[in-house]
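Peer 1:
Number of protein chains: 4
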Amino acid sequence: MIKFAQFGAGFIGKIHGANIAKHPRAELAYVYDVLPAPAESLATQLGAKVAASPEEIWASDVDAVLIASSTNTHADLLSGAIKAGKAVYCEKPVDLNIERVKAVAREAQGSARPILVGFSRRFDPNHAGIRELLHSGEIGKLEMMSITARDPKPPAISYVKVSGGQLRDQTIHFFDMLRWLAGEDPIEVYATGAVLVDPAIGEAGDVDTAMLILKFPSGALCHINCSRRADYGYDERVELFGSLGMALSRRKPRREISVYKGKSIVSEGLHAGWFERMEPTFYRALDALIRAMEGEQIEYPTLTDGLKAQLIAEAAVESLHTNRPVEITYWSPE
Amino acid sequence: MIKFAQFGAGFIGKIHGANIAKHPRAELAYVYDVLPAPAESLATQLGAKVAASPEEIWASDVDAVLIASSTNTHADLLSGAIKAGKAVYCEKPVDLNIERVKAVAREAQGSARPILVGFSRRFDPNHAGIRELLHSGEIGKLEMMSITARDPKPPAISYVKVSGGQLRDQTIHFFDMLRWLAGEDPIEVYATGAVLVDPAIGEAGDVDTAMLILKFPSGALCHINCSRRADYGYDERVELFGSLGMALSRRKPRREISVYKGKSIVSEGLHAGWFERMEPTFYRALDALIRAMEGEQIEYPTLTDGLKAQLIAEAAVESLHTNRPVEITYWSPE
Amino acid sequence: MIKFAQFGAGFIGKIHGANIAKHPRAELAYVYDVLPAPAESLATQLGAKVAASPEEIWASDVDAVLIASSTNTHADLLSGAIKAGKAVYCEKPVDLNIERVKAVAREAQGSARPILVGFSRRFDPNHAGIRELLHSGEIGKLEMMSITARDPKPPAISYVKVSGGQLRDQTIHFFDMLRWLAGEDPIEVYATGAVLVDPAIGEAGDVDTAMLILKFPSGALCHINCSRRADYGYDERVELFGSLGMALSRRKPRREISVYKGKSIVSEGLHAGWFERMEPTFYRALDALIRAMEGEQIEYPTLTDGLKAQLIAEAAVESLHTNRPVEITYWSPE
Amino acid sequence: MIKFAQFGAGFIGKIHGANIAKHPRAELAYVYDVLPAPAESLATQLGAKVAASPEEIWASDVDAVLIASSTNTHADLLSGAIKAGKAVYCEKPVDLNIERVKAVAREAQGSARPILVGFSRRFDPNHAGIRELLHSGEIGKLEMMSITARDPKPPAISYVKVSGGQLRDQTIHFFDMLRWLAGEDPIEVYATGAVLVDPAIGEAGDVDTAMLILKFPSGALCHINCSRRADYGYDERVELFGSLGMALSRRKPRREISVYKGKSIVSEGLHAGWFERMEPTFYRALDALIRAMEGEQIEYPTLTDGLKAQLIAEAAVESLHTNRPVEITYWSPE
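Residue numbers (our numbering), protein chains in the order written: chain H, 60 to 393; chain L, 60 to 393; chain A, 60 to 393; chain U, 60 to 393.
1. Closest to A/Y116 by CA distance: which of A/S217, A/D364, A/R209, A/A143 is it?
2. Using 8 Å as the limit for Cβ to Cβ distance, is U/P384 near chain H?
3. Which of the three DSSP states is assigned to U/F275 in this structure?
4. For U/L125 versus U/H75, is the C-beta spacing smaller than 8 Å?
5. What's the gap between the Cα of H/E338 and the Cα of U/V160?
6. Between the Cα of H/D135 and those of H/V163, H/A110, H/E158, spot the shortest distance and give me the residue it belongs to.
7. For H/E315 and A/H330, I'd like the C-alpha separation in whole angstroms.
8. Can you give me the start and stop residues for the alpha helix (DSSP H) that H/Y218 sits inside?
9. Using DSSP with H/G/I as helix, E/B as strand and the rest coil, what is U/R227?
10. Counting along the chain, where does the beta strand (DSSP E) carrying H/T251 start and finish?
11. Should A/R310 go down as buried or exposed, given a rule of 16 or more other Cβ atoms within 10 Å for buried?
12. Exposed or buried, U/F178, counting other C-beta atoms within 10 Å across all chains shown (16 or more means buried)?
13. What beta strand (DSSP E) runs, 3 residues minimum, are completely inside the segment 139–224 of chain U?
14. Just to confirm, is the Cβ distance from L/A123 to L/Y91 under 8 Å?
15. So, is A/K200 buried or exposed, given that buried needs 16 or more other C-beta atoms within 10 angstroms?
16. Along chain A, in chain order, which residues have C-beta atoms closer than 7 Å to that of L/E202?
17. Sorted by chain position, which residues of the same chain lie with C-beta nearer than 6 Å to H/F66's C-beta, five sequence neighbours on each side aside?
18. Considering only residues of the same chain and omitting the five flanking positions on each side of U/A21, which have a CB-CB separation below 7 Å?
19. Buried or exposed: where does U/K145 fall if 16 or more other Cβ atoms within 10 Å of its Cβ makes it buried?
20. Once the 5 residues before and after A/M60 are set aside, which same chain residues still bring their CB inside 7 Å of it?
21. List the whole-angstrom C-beta distance separating L/C281 from L/M204, where the pair is believed to meet the contact cut-off of C-beta under 8 Å.
22. With respect to the alpha helix (DSSP H) encompassing U/K73, which residues constitute its N-terminal and C-terminal limits?
23. Would U/I71 and U/F234 be called neighbours here (beta carbons separated by less than 8 Å)?
24. Of all Cβ atoms in chain U, is any one closer than 8 Å to the Cβ of A/D290?
25. Determine the burial state of L/Q168: buried for a count of at least 16 other Cβ atoms within 10 Å of its Cβ, exposed for fewer.
26. Please name the residue or residues paired with L/V256 in a DSSP beta bridge.
27. Give me, in chain order, the residues of the same chain whose beta-carbon lies closer than 8 Å to that of L/A375; leave out the 5 immediate sequence neighbours on both sides.
28. Check whether the Cβ of U/G278 lies closer than 8 Å to any Cβ atom in chain H.
29. In three-state DSSP terms, what is H/P392?
30. Mind listing the chain A neighbours of H/V297? Cutoff is C-beta to C-beta under 9 Å, in chain order.
31. With 8 Å set as the bound, which would you pick, yes or no: does the beta-carbon of U/K73 sit closer than that to a beta-carbon of chain L?
32. Please say whether U/L101 and U/K73 have beta carbons closer to each other than 8 Å?
33. Between U/E327 and chain A, is there a C-beta pair that is closer than 8 Å?
34. Got a sec: does the ligand MG put a non-hydrogen atom nearer than 7 Å to the Cβ of A/R209?
35. Could you check what DSSP says for H/E114 in three-state terms: helix, strand or coil?
36. Quick check on the DSSP output: the alpha helix (DSSP H) that includes A/S100 runs from which residue to which?
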């Protein structure tokens, strides 16, 4: 059994905690949260102890930590976990300050324990399926990729102000996904956006509607379009256009129900939110970390992947502000 | 050029006349209708002459006749055409009196000219496509067939009273289709029905909702369901279930348009009527007759096919009235 | 917390046991199986005790029992549970001997505890969705229902010999479902079948391919087609045709992946088996029993429902053997 | 009857000629082609005369001309038609030299006769359907548009060298379409491309794979992706994302046929080429011109529309060459 401690007992913490409890080869030993009440409640429900401090966790015999606390604590906790020799599942992003991320990446250089950054969409069976189709040669060489990502409702303005903005908190999932799907790192990005959903988002210095084009070294092109608000639910889909065919990770309906009536066919639509759609990916991501800890050769989003996605986001933000394509500069701790 | 004369200048006559005029290797020489005005009008529009009588047509140099007049005239006109050595495209049914059909079939024995009975659904590309899939072995040996056929609106009660009823005027198309698809003749039929759409149909001695099961000599089973009224347009589809897979001739939407809105996906529905859906099959059926006349080896629904479909219908009607499965007795002019 | 004891630790027992353990308001106290090893193993995994005998369970403080043992033990265990005042989740069928089922139904007359018979398909969200559409009036009055049910592979011949045959073990799910969907009990059934999949099934006195038509008191008609083997996976779907529209519980694909290549669009197909498709319904059925025990007004398949489905199956078997429609005779313990 | 003369008797000329002949209120009086043989052949087939020169046509009593000759002749013929007071259906583009197009637009200022530039996709029922949905308010205010356009096979290199390149000959249809759909003119375009299909296209100075982002004055964004080669047939589709929903003009399959086999569902794919898919739009475009000539208030792509699409293409080409967004400058003859 792999022993876990978990930081954070909020919405996403509850999901992760329940997944650890459900996993046949993992157990949740500790929960820590700056707010004692949620920590107590989650720990009681899952049969874990409340840790008095992160230090208690570093000193404990847990094998791994799951960092689901607020973003501004991720980097310090990652540092602590690295020093204590714990494996880590860290929710994204590592830190909004890219220099801080680099510093953590440098620290992690010496560590042999797996660190998984929570780009859980890599574990969606539809997305993984089209990746296999591309990598197996079924659709030939990739020439164009197209990603659509639309949230049903914009986040609170208070979140928009601290999240880094649409490209850094929403699109970033797809900066990771496009690298993972293509098997290569984009070299240039052009991003443009508009404030069409809520003027308050504009006043907060951000956009709510964005379109991007990225270029890969192979010459392949990638389009992303994002919105903060879709009237019809959570819409995420990917198209891979290759020299020998096209693979689609299609929209997933809530239920397979249709009504034929009058001149129309009315079918049940999409999920109400990203969570309903993506919830099963969290367990699979956790399972991947556990398998990696058990020695299995298994792919997962690493700290370097997390950093690269953020570097793409930084270039995209620069492009958005300057209205010109921006070269993406990568960085390696070595 | 193949010269045609046409009997009947009503709704379906106009379609056939225009198709003859459009065909590059056919021309319409004569139109005959018991009502002079529609005959004049159609002839003028298509550059043909009005024939004063059927006899004028039998005596003329036309190569073929298209019989699109009222059902009670079909058998006599077929007889006339056979005697005059003309090829024939005859709208179904040949005659509601099965003995009269047999008599015509006997007369046709000697004739070398093609006679096509208007089961034009055989020329629908979707249906033809799944037939090819079955006959090529792609889905293995046929085990179950399922046919759905629903008209948007019931016909006029006056028509119900003379048409022979739902099984003889609506389902008959599918009695032909199942033979053509399966490549074998069913040996038994169980039919049941109900009056759910309009009590007046029941008062006229007919049903408006019917379900049937037919058995093939191979053991394969066939289900048909028919309704006189579907709120959502014309619904016709076929499923072939075989030992190695299933082939579907799916519903055909009017347009490929969808709207994602709220909790639903609303797509444009089916055609408003059978004619909008099946219209292109008339030209293809005509073309098949013309090719047959030109000597091409080409399959088309023959007089024998027309008779067999009617014999299945007779057995089905008996089953409907007796509520027990009825053996189908075929008959051959030889 | 509702305390459960479970009979049976085989394949389906493991599923039920895990569901009880997962349910927030239930706990598994005992496991009993005639084979001690599987009982031990399941009990250990789920933190329950092994019961030495059914009597130990009747005498215990458990509130409910889950009967997932072999079919021939169901009736006795139900009797025992009724006498001991326990609520019951009983896998279908209650007993292959219909008189034995009636006897148990009579015994249950006095009991106030809920007895749920495992027709878990009632808890499938797609099927439940079209039922709501019908009952809300969205598609008008039901006129035709069509159910397709095909298993990927035939069961072992040893099972065919004791199961009561295709209509009693496969189609029976849909005898329950059609009553539940229509909201009325069919009055007549015509069933026909063939041996097309495996001659050994025929030698065992059964069919492997079946088509049925049932009539409802309202005049509505219902078609069912069943096969023991579908090359393309588990295929279950339902169509409700009403006076104002049609509702479909469509096939559910494994994943939403398509490849456009050459002249074809290749999409991922259906689930490998009924279990992969229906697995989530078991938890929902258990949850319904628990809610009923908690006093919630909630619908679930009762002992009477189980009996009625079996009475329809008996009539269907008689129809299959006599090749004529058979009236369905219901029976009530009162 | 409206009398037409037609310039050009090649592939597209044959289509247009047959459409004129088929139209109930039009007749084809003259055909002119620099090559006498095709002119003779087409004229004979359609019952028209061969004109000895354009002048013969200008002097004739024809009401309208259809210009389907080679691109380099369009502008002169348009000029001639304007001077002679004929209505015009002119295949796109008017001229590759934008100054020449402006000159013709200036000449047309005085003319009251309709001039239709052949952006026939405006007459596709699917595309027209989503435009109605947008303009009726059904999906709210447009926020993002996405257009995919992929040809099955690249054109001959000889054509690539004279066509003006991918953006000027392929994408230009969608520069018109996006204006027509959005109801506003884009103000900026970013275009990027790659040579992934055939190096010879790169050697000819062009790209074969292109992605673009355009901005509308309202803030709405538009993405286009184009390829010269799609393994799976002709792929054209449009998505309109609005504040209240999303409308799709979906792909149109050749036939509605599917096979369920093994783990896959194989459905018939897309049309073999743009012509098979778009052929019905030519007749509808002709019909629009005829209705406009008859005095009906009807929308059609005008000379100004043709010019605007070309001005967008020029800006896109500049963007492609400079790798920066380019402002689009419109021009008006007034």
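Glycine is no exception: its CB is placed at the ideal position from the N, C-alpha and C atoms.
Peer 2: According to the structure shown:
1. The count along the third sequence starts at 1 and reaches residue 116 of chain A at position 57. The amino acid at residue 116 of chain A is misidentified as Tyr; the sequence shows Ile. The residue with the shortest Cα to Cα distance from A/I116 is A/A143.
2. Sequence index remark: in the fourth sequence, residue 384 of chain U carries index 325 (1-based). Among the CB atoms of chain H, one or more fall inside 8 Å of the CB of U/P384.
3. As a first step, residue 275 of chain U must be located in the fourth sequence, where it is residue number 216. Look at U/F275 here: in three-state DSSP terms it is coil, with no helix or strand label.
4. As a first step, residue 125 of chain U must be located in the fourth sequence, where it is residue number 66. As a first step, residue 75 of chain U must be located in the fourth sequence, where it is residue number 16. Result yes, Cβ atoms of U/L125 and U/H75 sit closer than 8 Å.
5. Taking the first residue of the first sequence as 1, we reach residue 338 of chain H at position 279. Taking the first residue of the fourth sequence as 1, we reach residue 160 of chain U at position 101. So the alpha carbons of these two residues sit roughly 57 Å apart.
6. Here residue 135 of chain H corresponds to residue number 76 of the first sequence, with the count starting at 1. When only C-alpha atoms are compared, the closest one is H/V163.
7. The sequence position of residue 315 of chain H within the first sequence is 256, counting from 1. The sequence position of residue 330 of chain A within the third sequence is 271, counting from 1. Their backbone Cα atoms lie some 14 Å apart in a straight line.
8. On the first sequence, position 159 is the one that residue 218 of chain H refers to. Counting along the chain, the unbroken alpha helix (DSSP H) around H/Y218 starts and ends at 216–222.
9. Within the fourth sequence, numbered from 1, the residue matching residue 227 of chain U stands at position 168. Three-state result, U/R227: helix.
10. As a first step, residue 251 of chain H must be located in the first sequence, where it is residue number 192. For H/T251, the uninterrupted beta strand (DSSP E) run begins and ends at 247–253, by DSSP.
11. Start at 1 with the first residue of the third sequence, and residue 310 of chain A comes out as number 251. Only buried fits A/R310, as 16 or more other CB atoms lie within 10 angstroms of its CB.
12. For the purposes of this step, residue 178 of chain U is taken as the residue at position 119 of the fourth sequence. Buried, by the Cβ-count rule.
13. For the segment 139–224 of chain U, whole beta strand (DSSP E) runs of length 3 or above, ordered along the chain, are 146–149, 174–176, 201–209.
14. Your numbering for residue 123 of chain L matches position 64 in the second sequence. Your numbering for residue 91 of chain L matches position 32 in the second sequence. No.
15. By 1-based counting over the third sequence, the position of residue 200 of chain A is 141. The residue is exposed, with fewer than 16 neighbouring Cβ atoms inside 10 Å.
16. Position 143 of the second sequence, counting from 1, holds the residue named residue 202 of chain L. Correct list: L255, T268, S286.
17. To locate residue 66 of chain H, count along the first sequence from 1; it is residue 7. A distance below 6 Å between beta-carbons, with the five flanking residues on each side excluded, links H/F66 to the following residues of its chain, in chain order: Y91, I126, S128, L136.
18. Residue 21 of chain U lies beyond the range of chain U shown here (60 to 393); nothing can be said about it.
19. Here residue 145 of chain U corresponds to residue number 86 of the fourth sequence, with the count starting at 1. Its Cβ being crowded by 16 or more others within 10 Å, U/K145 is buried.
20. If you number the third sequence from 1, residue 60 of chain A lands on position 1. Short of 7 Å from the beta carbon of A/M60, and not among the five residues preceding or following it, lie these beta carbons of its own chain, in chain order: R84, A85, E86.
21. Position 222 of the second sequence, counted from the first residue, corresponds to residue 281 of chain L. Position 145 of the second sequence, counted from the first residue, corresponds to residue 204 of chain L. Contact between L/C281 and L/M204 holds, with the beta-carbon distance rounding to 4 Å and staying under 8 Å.
22. Indexing the fourth sequence from 1 puts residue 73 of chain U at position 14. From DSSP, the alpha helix (DSSP H) with U/K73 extends over 70–81.
23. Within the fourth sequence, numbered from 1, the residue matching residue 71 of chain U stands at position 12. Within the fourth sequence, numbered from 1, the residue matching residue 234 of chain U stands at position 175. Their beta carbons are not under 8 Å apart, which means U/I71 does not touch U/F234 by this criterion.
24. The count along the third sequence starts at 1 and reaches residue 290 of chain A at position 231. Yes, A/D290 lies at the interface with chain U (some Cβ there is under 8 Å from its Cβ).
25. In the second sequence, the residue the question calls residue 168 of chain L occupies position 109. Exposed: under 16 other Cβ atoms inside 10 Å.
26. Along the second sequence, read from residue 1 onward, the residue named residue 256 of chain L stands at position 197. Beta-bridge pairing links L/V256 to no other residue.
27. Locating residue 375 of chain L in the second sequence gives position 316, where the first residue counts as 1. Annotation for L/A375: L226, T230, F234, V248, A250, L271, V385 place their beta carbon closer than 8 Å to its own, counting only its chain and skipping 5 residues before and after.
28. Taking the fourth sequence and counting its residues from 1, the one referred to as residue 278 of chain U is at position 219. Yes, because at least one Cβ of chain H sits closer than 8 Å to the Cβ of U/G278.
29. Here residue 392 of chain H corresponds to residue number 333 of the first sequence, with the count starting at 1. If DSSP states are grouped into helix, strand and coil, H/P392 belongs with coil.
30. Position 238 of the first sequence, counted from the first residue, corresponds to residue 297 of chain H. Those within 9 Å of H/V297 in chain A number zero; the least Cβ separation is about 10 Å.
31. Within the fourth sequence, the letter at position 14 stands for residue 73 of chain U. Closer than 8 Å: no.
32. As a position in the fourth sequence, residue 73 of chain U is number 14, starting the count at 1. As a position in the fourth sequence, residue 101 of chain U is number 42, starting the count at 1. Yes, these two residues count as a Cβ contact at 8 Å.
33. Locating residue 327 of chain U in the fourth sequence gives position 268, where the first residue counts as 1. So, interface residue.
34. Absence of the ligand MG from the depicted structure is noted, as is the absence of any ligand whatsoever, leaving it without description.
35. Here residue 114 of chain H refers to the residue found at position 55 of the first sequence. Of the three classes helix, strand and coil, the one that applies to H/E114 here is helix, per DSSP.
36. If you number the third sequence from 1, residue 100 of chain A lands on position 41. Per DSSP, A/S100 belongs to the alpha helix (DSSP H) from 95–105.
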